């Protein structure tokens with residue numbers, strides 16, 4: 001092997017003398033940095049400034065790998081174990097379900113799944129890493145339902161009454177949380193059926209869209225049913241297939257109207273049914289042209 005290919009030469013040329021300092025001369029003897037290739041896959045011994053001893057390929061160290069203990073990749077009790085790094089989290093360790101495994105025996109950043117128990121006694125399984133990143137008890141946070149404790153039936157009985165059991169199949173108000181993003185079927189006291197996200201009903205307190213006038217239901221809340229006199233002035237020709245049965249009285253949609261005198265004008269539906277009670281602008285003397293008004 002040419003000297004310029006040795007680990008020693010690499011360290012000297014790239015100012016990486018720390019590799020020579022971490023070379024474990026005793027354990028690697030008679031092998032030395034000037035007799036091994038910088039790209040060798042051979043595992044040798046290293047010792048960092050903190051006194052940690054480990055084996056690693058020469059190539060991996062040449063590529064930049066560092067002490068696995070100091071970088072948190074290998075357990076170092078009292079330094080990077082869960083109990084040391086996050087004692088508050090370690091206090092939620094479920095000693096019974098985790099058996100002999102202790103918080104001092106796992107890395108704080110481990111992806112290992114273990115059992116936890118919160119201060120309210122809820123037990124669940126989650127990775128150590130996810131908990132270190134802020135994930136809490138899924139029951140306390142409303143992500144997992146527990147019948148009789150945090151389910152929709154228990155916390156919002158008024159909403160559970162409107163649950164459409166027939167359409168929702170196996171889903172029940174006692175096995176979902178009020179904060180679920182599931183879209184389910186509902187049925188109000190008047191028999192109207194609609195779909196809505198559970199959380200929107202519990203958090204935003206949204207109600208039946210038909211009863212609230214946000215969605216049209218012919219024969220119940222449409223313009224023709226609630227305001228037949230105004231609907232009689234609907235200009236069927238200019239409204240191109242749109243009928244009074246297809247809109248609510250509170251709609252902001254601008255449509256065409258024709259009064260008994262034959263005057264034609266365009267205005268929003270709600271302006272005719274609301275407090276303003278706007279009528280024909282020509283008959284009211286607000287306009288002089290007896291044609292189409294925008």
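In UniProt numbering, the protein residues as written are 1 to 294.
Glycine included, every Cβ here is placed at the ideal spot set by N, Cα and C.
This structure is a prediction, so every number in the text was calculated from the model and none was measured.
Closest by C-alpha distance to residue i, when choosing among the options
i, options, result
"residue 105", "179, 59, 71 and 80", "80"
"residue 183", "190, 167, 191 and 192", "167"
"residue 47", "9, 62, 64 and 68", "68"
"residue 237", "29, 256 and 42", "256"
"residue 138", "148, 116 and 159", "116"
"residue 28", "228, 283, 118 and 56", "56"
"residue 161", "136, 135, 190 and 143", "190"
"residue 101", "227, 83 and 52", "83"
"residue 30", "40, 45 and 16", "45"
"residue 176", "143, 165, 187 and 247", "143"
"residue 187", "267, 205, 204 and 165", "165"
"residue 233", "192, 64, 215 and 280", "280"
"residue 23", "66, 214 and 5", "66"
"residue 39", "17, 25 and 4", "4"
"residue 244", "273, 260, 17 and 263", "273"
"residue 260", "249, 231 and 242", "231"
Residue range of the beta strand (DSSP E) that includes residue i
i, result
"residue 42", "That residue, residue 42, is in no beta strand (DSSP E); it is neither H nor E in DSSP."
"residue 123", "123 to 127"
"residue 53", "53 to 57"
"residue 254", "254 to 258"
"residue 187", "183 to 187"
Collapsed DSSP secondary structure at residue i in the structure displayed
i, result
"residue 18", "helix"
"residue 65", "coil"
"residue 107", "strand"
"residue 203", "coil"
"residue 194", "strand"
"residue 27", "helix"
"residue 145", "coil"
"residue 174", "coil"
"residue 229", "helix"
"residue 290", "For residue 290, the predicted structure reports a pLDDT of 47, less than 50, and the residue's modelled location is therefore unreliable. The matter cannot be settled from this model."
"residue 268", "strand"
"residue 81", "strand"
"residue 116", "strand"
"residue 71", "coil"
Whole-number beta carbon distance between residue j and residue i, since they are thought to touch under 8 Å
i, j, result
"residue 194", "residue 209", "6 Å"
"residue 269", "residue 240", "Rounded, the Cβ-Cβ distance is 15 Å, inconsistent with contact."
"residue 180", "residue 199", "6 Å"
"residue 202", "residue 173", "Actually they do not touch by this definition, with Cβ atoms about 11 Å apart."
"residue 135", "residue 126", "6 Å"
"residue 253", "residue 235", "The Cβ separation is near 14 Å, so there is no contact."
"residue 58", "residue 7", "6 Å"
"residue 37", "residue 1", "6 Å"
"residue 197", "residue 223", "In fact, because the Cβ distance is near 29 Å, the residues do not count as touching under 8 Å."
"residue 61", "residue 107", "Actually they do not touch by this definition, with Cβ atoms about 21 Å apart."
"residue 98", "residue 114", "5 Å"
"residue 267", "residue 278", "6 Å"
Boundaries of the alpha helix (DSSP H) in which residue i is found, first to last residue
i, result
"residue 8", "7 to 13"
"residue 90", "87 to 90"
"residue 159", "157 to 160"
Could you say if the stretch 126 to 135 and the stretch 154 to 173 meet the contact criterion of at least three C-beta pairs nearer than 8 Å?
no
Is the stretch 56 to 74 close to the stretch 91 to 105, with three or more CB pairs under 8 Å?
no
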